[in-house]
Amino acid sequence: MLDNNLKMTVCVQVFHLALCIVWNLTGVYQLGLGLQPIGPTASVIGAGVMALLVSGLILAALRRWKWLYLSLSIVAAAGAFLAIYGGFTKDPSQWPSLFWQYAGILLNFVGMVGFLLALKSFKHLSSTNN
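Yeah, the sequence shown ends on 1229 if you go by the numbering used here, and it's all consecutive.
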């Protein structure tokens, strides 16, 4: 059973990754219709990797595998950071509007909040697999 802090942390991380999955699949759908995607990323493979991250984060938290949990949290945070950085540095024409550019930045800010919460919750995880 997860304590409340870790439960909230995992929920934030899963929420972020679920939004990223929807973002990617929406982009793939739009490309299939011949439309510009809502952002520069649109990948079924990316969505699949994020789904695996969700599974891994949940499993690692439930099993109290703190080093795996931290490692997967770092991977998710790195992706969020790179997307935020890209949101400010990539050509704005890669988004259909300024709204979608900042929506992507905000979406990935949720991921960074999740990572900060994960760092705070990390000390509460105990495991036989250090």
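The C-beta atom is built at its ideal place from N, Cα and C for all residues, glycine as well.
Short check: CB of residue i to CB of residue j, under 8 angstroms?
i, j, result
"Ala1177", "Tyr1168", "no"
"Val1212", "Val1111", "yes"
"Leu1206", "Leu1118", "yes"
If you draw a straight line from the C-alpha of residue i to the C-alpha of residue j, how long is it?
i, j, result
"Leu1151", "Lys1189", "27 angstroms"
"Val1209", "Val1113", "10 angstroms"
"Arg1076", "Gly1185", "Shown here, the chain extends from 1100 to 1229; a query on residue 1076 therefore has no answer."
"Val1153", "Leu1116", "7 angstroms"
"Thr1125", "Met1107", "27 angstroms"
"Ser1192", "Ile1120", "22 angstroms"
"Lys1165", "Leu1224", "6 angstroms"
Taking residue i as part of the alpha helix (DSSP H), name the residues at either end of that continuous run.
i, result
"His1115", "1103-1131"
"Leu1224", "Leu1224 -> no alpha helix (DSSP H), and no H or E assigned at all."
"Ile1173", "1165-1188"
Taking only three categories from DSSP, how would you classify residue i?
i, result
"Ser1060", "What the structure shows of the chain is the stretch from 1100 to 1229, and residue 1060 is not part of that stretch, so it cannot be assessed."
"Leu1218", "helix"
"Ile1157", "helix"
"Leu1152", "helix"
"Gln1135", "coil"
Does the stretch 1132-1147 come within contact of the stretch 1194-1207, defined as at least 3 CB pairs closer than 8 angstroms?
These segments touch.
With three or more beta-carbon pairs closer than 8 angstroms as the criterion, would you say the stretch 1157-1176 touches the stretch 1217-1225?
Segments in contact, yes.
Whether or not the stretch 1123-1134 and the stretch 1175-1194 are in contact is what I'm after, with contact meaning three or more pairs of Cβ atoms, one per stretch, closer than 8 angstroms; do they touch?
By the Cβ criterion, the stretch 1175-1194 is not in contact with the stretch 1123-1134, since fewer than three pairs of Cβ atoms, one from each stretch, lie closer than 8 angstroms.
Does the count of Cβ pairs from the stretch 1142-1149 and the stretch 1100-1110 closer than 8 angstroms reach three?
In the pairwise beta carbon analysis, the stretch 1142-1149 is classified as not touching the stretch 1100-1110: fewer than three pairs are separated by under 8 angstroms.
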